[in-house]
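Asker: Got a structure here, written out as structure tokens. Questions coming.
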Amino acid sequence: MKAGLDMKLNQNISRLLFLGIETVLFGLVYFFLVFEDMISIFAVLAAMVLLSIAINRIPSLNRVVKEGFSHSKIPCIVYGILFVLAMPILFKDKPYHIFILFNTGLFAVLGLGLNWQIGSTNIVNFASAASFAAGAYASALLAIHAGLSFWILLPVSGLVAAAIGFILGLPCMKTKTYYLSLVTMAFTIIVYLLLNNMDWTGGPDGISGIPFPQIGSHSFGSPISLFGWSLPYQANFYYLIVFVVGITFFVDRRFRYSRLGLAWNAIRNDEIAAACQGIDVTYNKVLSFCANFFFDGIAGAIFAFSMGYISPESFSFNVSVTVVTIVIVGGLDNAAGVILGALLMILIPEKLQVFQNYRMLIFGLIIIVMLLVRPKGLFPQTIRKYE
Amino acid sequence: MAQLIEQLTFALMLSSTYTLISVGFALFFGAINIIHFSHGDVAILGAFFGIILYGVFGLTRVFGAIPSWIVTPIVFVVTCLLIGFLGTFFERTVIKPFRKSPLLMVLVATIALGIVIREVVRLFYPQGSNPQVFPKLLPQTIYGVGHLVLRLDHILIFLISLLLIVAMFFMINKTRIGMAIRAVSQDIEAANLMGINSDIVIAVTFMIGSILAGLAGLLIGSYQTLVRFDMGLMLGIKGFSAAVVGGLGSIYGAIAGSIVLGFVESLVCAYVPGGTPYKDVFAFVIVIFFLVFKPSGILGKTMPVRI
Amino acid sequence: MQYIQILKTESLTINFGGLYAVDSVDFHLEEGEIVGLIGPNGSGKSTFFNLITGIYQPTKGRIFFKDENLVGKKPHQIAKKGIARTFQNNRLFSDISVLDNVILGMHYRQKTNLLDTLFRYHLVKSELRAGAEKAMELLSFFSEELKANWSRRVAELPHADRRRVEICRALASGPDLLLLDEPAGGMSPEETEELMRDIRKVKETHKDLSVIIIEHDMAMIEQIANRVYVFNYGRKIAEGPFSSISKDPGVIQAYLGEEEEDAAA
Chain A
14 MKAGLDMKLN QNISRLLFLG IETVLFGLVY FFLVFEDMIS IFAVLAAMVL
64 LSIAINRIPS LNRVVKEGFS HSKIPCIVYG ILFVLAMPIL FKDKPYHIFI
114 LFNTGLFAVL GLGLNWQIGS TNIVNFASAA SFAAGAYASA LLAIHAGLSF
164 WILLPVSGLV AAAIGFILGL PCMKTKTYYL SLVTMAFTII VYLLLNNMDW
214 TGGPDGISGI PFPQIGSHSF GSPISLFGWS LPYQANFYYL IVFVVGITFF
264 VDRRFRYSRL GLAWNAIRND EIAAACQGID VTYNKVLSFC ANFFFDGIAG
314 AIFAFSMGYI SPESFSFNVS VTVVTIVIVG GLDNAAGVIL GALLMILIPE
364 KLQVFQNYRM LIFGLIIIVM LLVRPKGLFP QTIRKYE
Chain B
16 MAQLIEQLTF ALMLSSTYTL ISVGFALFFG AINIIHFSHG DVAILGAFFG
66 IILYGVFGLT RVFGAIPSWI VTPIVFVVTC LLIGFLGTFF ERTVIKPFRK
116 SPLLMVLVAT IALGIVIREV VRLFYPQGSN PQVFPKLLPQ TIYGVGHLVL
166 RLDHILIFLI SLLLIVAMFF MINKTRIGMA IRAVSQDIEA ANLMGINSDI
216 VIAVTFMIGS ILAGLAGLLI GSYQTLVRFD MGLMLGIKGF SAAVVGGLGS
266 IYGAIAGSIV LGFVESLVCA YVPGGTPYKD VFAFVIVIFF LVFKPSGILG
316 KTMPVRI
Chain C
815 MQYIQILKTE SLTINFGGLY AVDSVDFHLE EGEIVGLIGP NGSGKSTFFN
865 LITGIYQPTK GRIFFKDENL VGKKPHQIAK KGIARTFQNN RLFSDISVLD
915 NVILGMHYRQ KTNLLDTLFR YHLVKSELRA GAEKAMELLS FFSEELKANW
965 SRRVAELPHA DRRRVEICRA LASGPDLLLL DEPAGGMSPE ETEELMRDIR
1015 KVKETHKDLS VIIIEHDMAM IEQIANRVYV FNYGRKIAEG PFSSISKDPG
1065 VIQAYLGEEE EDAAA
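Following this line, the structure appears as structure tokens:
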């Protein structure tokens, strides 16, 4: 009896400790965003790095974190969700920060979709910018010329992008993977050139005048009043993208623990052996293309409506490279890792404005270093557990 | 008629510059089966080095005017050698570590390398994001014959490229090191077993390819008179398309592909109304078509896969 | 027993740019038989397997499986008809777990699709769980130790275990024809003994299972195979029980001494 009571006490203590560490982490994230001067920002970053190293290296701390997490999965996740939802409240006087977080969310969706292709079927798709653009331009054009509501355009943009993924993917199924990467690259640049030069896409000026989405009488262009606080209008889009990230993550979980996810992993390792198990490789590859493009299209539509205008500059080859970096850094076939990768690749450069100019250079170097040192990403794929 | 001849000379010149780059792609693919995505950026580095060197000479004019017929060859030779070494350096650091890894990783690594090169130029060269004026290294004489206007520099570019390509052919087919290169590109393991140090051969291959690329950068700078840090991406893709069209791994193929590409591009510019902004699109569409439907190109080497 | 001849090839030929890797091979296999396929390296044995499983398409000839012509069909379609194989150089899915590999063997027997994954996930979950249980059973059929290692990545396993996992994966779909390509390759004599016992065990539990086994280990072939085919330079040079083909002068000449070493093993 006493042993049982002891164990319960231990469990509760480790739970509290874990939630304590989680709070510290959230605090660090908050301060990282709030501070304005470089020194404080660097200090917070250093603290975060130290904390991660400490958790990795100090065995007792490592144990606390691991046990704490396994005992309190639900409270931990709920706590995390509450923190994420509370962000606009914490930053209600700093709309730009909410915008940065929104941007991170967009790239997280792009990354999660790309992860299905790279992490699962080994297709390094450099066309994220093109699918993103497809969703953005499709929704913008339909909104302006056909007056369709944002909520209808959201899935429609996804479908348009998925259709393009299908048209691009299907003929390429016999193409070897590295040739396919080049095809996607060429495709992205073609799309960029066309968008820049064609009249009906607005050329270099793009398309403007996209209206704000509406829910009932509430427009996304107006602030939200919540519990007596007034949150800037960016919060509307923030909550929307958090919801979409949640859905994409949820879909990823389902894909992973399914016959489909297993088939994708098989294809990634050995296409011929996969075919010999009865896996239709072509179908699965095209499916991963379409799934990726679908979510990219949705992200594109959200992007278009959040900005009110779009131009080809937002859809250059460099954008594709950014998304690829996020997946390579975050972890191939690890959704949580990809989200973290988005945080690292988008949030940090935004705050370290000094380095904004050097962003692409740093990305290039990071890719090379990651490929040399940890090609499977910071958080490689975990083993599936059943039961 | 006059215009046609002018267009043809332009097309020949364009093709020859593309050849210098696409041959590099063919050599690299032949040697170690990689697609060196930053090869175009290495070429543009040649142009930038040329500008810097010329500037250095400009400073030394204080000590007495050095005639341009001395400056130009020195700039050319020094730049090409420097780029040759730089290209080999990149191979040792970014490509060699991935020799046993899946091909995809090398591809992504070289794409990243291209980004690094472009950004370094953009950030560290003064006013890097703006187009830079390329000095007039080649004589600017223009010959007029009736309605026909021929530029000496265009002709020189074509001749210089031709000369170097022939030199490279000679080297690959008639010298011992050339034979080693051919051996390595056919079967690297067998070559190793025959006592050929494939590592050195690969380095030499990259040296040759990069020297040609450096030359291409200088020549392109000469006729375009303006160079920008991001021209390398387009150039690389075009050089690569030419190599693919002709058949990756085949030098003749690279030449054939470059001729096709150069001619299509200049003819589209000249004769298709409103076609100029789309000329690059053509290059990419061609490359997609060949990659998807005929990756062995017109004269290519296909890689049989051992199952 | 439904088919007298579960597999039959007629003049099966494949020509790689002038090289006849497999040259007019007539072959037949009766249901429930274990047939050995031997021959020097490069004699076309693995190519023969690749032809049957649809990885290569023949330039001439026909392949009949359960009286149906397989020529022109793709590998995944052929797998669905009940043919499973292992590979000479062990093509497992290296960076996922042992268990996942075996579950993948059951892929075409499973039914859930994209819509189920998104909207009827409980079906997917129970299908996977059932698959995992069956996979564990298969693993423990070989050894409890293998079963205990279910969560390790295949790349981390020793060579002999990887071969066993590959056989598990092949058996997972409950095939009618099993093609084993040098399953004892790289194994020590003890491991080879174990493997032979395991193959016999498998055959006892699946009486209708037909097997073709490519091997260099003559002792193994002698003890397991009902009949043996001998290939050389893509052609069939002998066919019959081991006792007669091992005395065939053409066969001995083809091996030129290799047989001596292996028979002594």
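Protein chains in written order, with my numbering: chain A, 14 to 400; chain B, 16 to 322; chain C, 815 to 1079. We put the beta carbon where it would ideally sit given N, CA and C, even for glycine. In this text the structure is predicted, and so the values were computed from the model without any measurement.
1) Closer than 8 angstroms, Cβ to any Cβ of chain B: which residues of the stretch 175-186 of chain A, in chain order?
2) Give the straight-line distance between the Cα atoms of C/Arg899 and A/Met186, rounded to the nearest whole angstrom.
3) Below 8 angstroms on the Cβ atoms is my guess for A/Ser243 versus A/Lys105; work out the distance and round it to an integer in Å.
4) Measuring only the C-alpha atoms, how far is B/Pro288 from B/Ala271?
5) Quick one: does C/Arg976 have its CB under 8 angstroms from some CB of chain A?
6) Let me know the secondary structure DSSP gives B/Lys111 once reduced to three states.
7) Please identify the residue among A/Pro236, A/Phe120, A/Ser53 whose C-alpha is closest to the C-alpha of A/Leu360.
8) Taking its Cβ as the centre, do 16 or more other Cβ atoms sit within 10 Å of C/Arg943, making it buried, or is it exposed?
9) Report yes or no: is there a C-beta of chain B within less than 8 angstroms of the C-beta of A/Ala287?
10) Starting from the Cα of C/Ile866, find the closest Cα among C/Gly856, C/Ile848, C/Gly853, C/Val839 and give me that residue.
11) For C/Ile828 and A/Ser271, what's the separation of their Cα atoms in angstroms?
12) Report the rounded CA-to-CA distance for C/Arg1011 versus C/Asn904, giving the unit in angstroms.
13) To test your reading of the DSSP string, which unbroken alpha helix (DSSP H) runs of 4 or more residues are found completely within the stretch 277-319 of chain A?
14) Note the first and the last residue of the continuous beta strand (DSSP E) segment covering A/Leu403.
15) So A/Val336 packs on A/Leu127, CB below 8 angstroms; how close in whole Å?
16) Do B/Gly70 and B/His54 have their C-beta atoms closer together than 8 angstroms?
17) By how many angstroms is the C-alpha of A/Thr261 removed from the C-alpha of A/Leu125?
18) In this structure, does DSSP put A/His231 in helix, strand or coil?
19) Any Cβ of chain C within less than 8 angstroms of the Cβ of A/Arg272?
20) Along chain A, which residues have their Cβ under 9 angstroms away from the Cβ of B/Val302?
21) Below 8 angstroms CB to CB, which residues in the same chain sit around A/Leu161 once its five sequence neighbours on both sides are set aside?
22) Could you compute how far the alpha carbon of A/Gly178 sits from the alpha carbon of A/Ala314?
23) Classify B/Lys253 as helix, strand or coil using the three-state DSSP reduction.
24) Could you tell me which of C/Gln1037, C/Asn1040, C/Ile1027, C/Ile1038 sits nearest to C/Gly853, measuring between CA atoms?
25) Under 8 angstroms, Cβ to Cβ, is there at least one residue of chain A near B/Ala228?
26) If you compare alpha carbons, which of C/Asp930, C/Phe907, C/Met950, C/Ser857 is closest to C/Ala969?
27) Helix, strand or coil for B/Phe105? Go by DSSP, reduced to three states.
28) Are three or more beta carbon pairs between the stretch 370-381 of chain A and the stretch 142-153 of chain A nearer than 8 angstroms?
29) Establish whether the CB of A/Met373 and some CB of chain B are separated by less than 8 angstroms.
30) So, is B/His162 buried or exposed, given that buried needs 16 or more other C-beta atoms within 10 angstroms?
31) Can you confirm whether B/Tyr293, when its beta carbon is compared against all beta carbons of chain A, has any partner nearer than 8 angstroms?
32) Roughly how many whole angstroms lie between the Cα atoms of B/Ile157 and B/Gly210?
33) CA-CA distance, C/Tyr1047 and C/Asn883?
34) At the 8 angstroms Cβ level, is C/Ile894 part of the contact set with chain A, yes or no?
35) If we ignore side chains and look at the alpha-carbon of each, how far apart do A/Cys303 and A/Ala349 end up?
36) Per the contact definition of three or more C-beta pairs closer than 8 angstroms, is the stretch 148-157 of chain B in contact with the stretch 244-258 of chain B?
Answerer: Let's see:
1) Identification of residues in the stretch 175-186 of chain A having a C-beta nearer than 8 angstroms to some C-beta of chain B yields Pro184, Cys185, given in sequence order.
2) Within the third sequence, numbered from 1, the residue matching residue 899 of chain C stands at position 85. Within the first sequence, numbered from 1, the residue matching residue 186 of chain A stands at position 173. Looking at the two C-alpha atoms, the distance is approximately 24 angstroms.
3) Translated into positions along the first sequence, residue 243 of chain A becomes position 230. Translated into positions along the first sequence, residue 105 of chain A becomes position 92. Rounded, the Cβ-Cβ distance is 7 angstroms, consistent with contact.
4) As a working mapping, residue 288 of chain B is identified with position 273 in the second sequence. As a working mapping, residue 271 of chain B is identified with position 256 in the second sequence. B/Pro288 and B/Ala271 have their C-alpha atoms spaced approximately 26 angstroms apart.
5) Reading the third sequence from its first residue, position 162 is the one you call residue 976 of chain C. Taking Cβ atoms only, chain A never reaches closer than 8 angstroms to C/Arg976, which makes this a no.
6) Position 96 of the second sequence, counting from 1, holds the residue named residue 111 of chain B. Residue state, collapsed to three classes: helix.
7) Sequence index remark: in the first sequence, residue 360 of chain A carries index 347 (1-based). Distances from the alpha-carbon of A/Leu360 to those of A/Pro236, A/Phe120, A/Ser53 put A/Phe120 closest.
8) Within the third sequence, the letter at position 129 stands for residue 943 of chain C. Exposed is the label assigned to C/Arg943, since fewer than 16 other Cβ atoms lie within 10 Å of its Cβ.
9) Here residue 287 of chain A corresponds to residue number 274 of the first sequence, with the count starting at 1. The C-beta of A/Ala287 comes no closer than 8 angstroms to any C-beta of chain B.
10) Position 52 of the third sequence, counted from the first residue, corresponds to residue 866 of chain C. It is C/Val839 whose Cα lies nearest to the Cα of C/Ile866.
11) For this step, residue 828 of chain C is matched to residue 14 along the third sequence. For this step, residue 271 of chain A is matched to residue 258 along the first sequence. A/Ser271 has its alpha-carbon roughly 38 angstroms from the corresponding atom of C/Ile828.
12) Counted from its first residue, the third sequence places residue 1011 of chain C at position 197. Counted from its first residue, the third sequence places residue 904 of chain C at position 90. C/Arg1011 and C/Asn904 have their alpha carbons spaced roughly 20 angstroms apart.
13) Those alpha helix (DSSP H) runs which fall completely within the stretch 277-319 of chain A and span 4+ residues are 284-289.
14) The requested residue 403 of chain A is not part of the displayed model; chain A covers only 14 to 400.
15) Start at 1 with the first residue of the first sequence, and residue 336 of chain A comes out as number 323. Start at 1 with the first residue of the first sequence, and residue 127 of chain A comes out as number 114. Contact holds; Cβ gap of about 5 angstroms.
16) For the purposes of this step, residue 70 of chain B is taken as the residue at position 55 of the second sequence. For the purposes of this step, residue 54 of chain B is taken as the residue at position 39 of the second sequence. No, these two residues do not count as a Cβ contact at 8 angstroms.
17) Mapped onto the first sequence, residue 125 of chain A falls at position 112. Mapped onto the first sequence, residue 261 of chain A falls at position 248. Straight-line Cα distance between these residues: approximately 7 angstroms.
18) The sequence position of residue 231 of chain A within the first sequence is 218, counting from 1. In the three-state reduction of the DSSP assignment, A/His231 falls in the strand class, which pools E and B.
19) Position 259 of the first sequence, counted from the first residue, corresponds to residue 272 of chain A. Taking Cβ atoms only, chain C reaches closer than 8 angstroms to A/Arg272, which makes this a yes.
20) Here residue 302 of chain B refers to the residue found at position 287 when the second sequence is read from its first residue. For B/Val302, the residues of chain A that pass the 9 angstroms Cβ criterion are Leu195, Val196, Ala199, in the order they occur in the chain.
21) As a first step, residue 161 of chain A is located in the first sequence; it is residue number 148 there, counting from the start. Closer than 8 angstroms at the Cβ level, and outside the excluded window around A/Leu161, lie Leu155, Val169.
22) Against the first sequence, residue 178 of chain A aligns to sequence position 165. Against the first sequence, residue 314 of chain A aligns to sequence position 301. Going from the Cα of A/Gly178 to the Cα of A/Ala314 covers about 16 angstroms.
23) Locating residue 253 of chain B in the second sequence gives position 238, where the first residue counts as 1. In this structure, B/Lys253 counts as helix in the three-state DSSP scheme.
24) The residue given as residue 853 of chain C occupies position 39 in the third sequence. Ranked by Cα distance from C/Gly853, the first of C/Gln1037, C/Asn1040, C/Ile1027, C/Ile1038 is C/Ile1027.
25) One-based indexing of the second sequence puts residue 228 of chain B at position 213. So, not an interface residue.
26) Here residue 969 of chain C refers to the residue found at position 155 when the third sequence is read from its first residue. Per the Cα distances, C/Phe907.
27) For the purposes of this step, residue 105 of chain B is taken as residue 90 along the second sequence, with counting starting at 1. DSSP, read as helix, strand or coil, puts B/Phe105 in helix.
28) Verdict: no, contact absent.
29) Taking the first sequence and counting its residues from 1, one reaches residue 373 of chain A at position 360. Output row for A/Met373: interface = yes.
30) By 1-based counting over the second sequence, the position of residue 162 of chain B is 147. Counting other Cβ atoms within 10 Å of its Cβ, B/His162 stays below 16 and is therefore classed as exposed.
31) Sequence index remark: in the second sequence, residue 293 of chain B carries index 278 (1-based). Yes, its Cβ sits closer than 8 angstroms to a Cβ of chain A.
32) As a working mapping, residue 157 of chain B is identified with position 142 in the second sequence. As a working mapping, residue 210 of chain B is identified with position 195 in the second sequence. Computed Cα separation, rounded: 53 angstroms.
33) As a position in the third sequence, residue 1047 of chain C is number 233, starting the count at 1. As a position in the third sequence, residue 883 of chain C is number 69, starting the count at 1. Each residue's CA atom was taken as its position, placing C/Tyr1047 and C/Asn883 some 25 angstroms apart.
34) Here residue 894 of chain C corresponds to residue number 80 of the third sequence, with the count starting at 1. According to the sequence displayed, residue 894 of chain C carries Lys and not Ile. Nearest CB-CB separation between C/Lys894 and chain A: below the 8 angstroms threshold.
35) Here residue 303 of chain A is taken as the residue at index 290 of the first sequence, counted from 1. Here residue 349 of chain A is taken as the residue at index 336 of the first sequence, counted from 1. One C-alpha to the other measures close to 22 angstroms.
36) A contact is defined here as three or more CB-CB pairs under 8 angstroms, and the stretch 244-258 of chain B fails this definition with respect to the stretch 148-157 of chain B.
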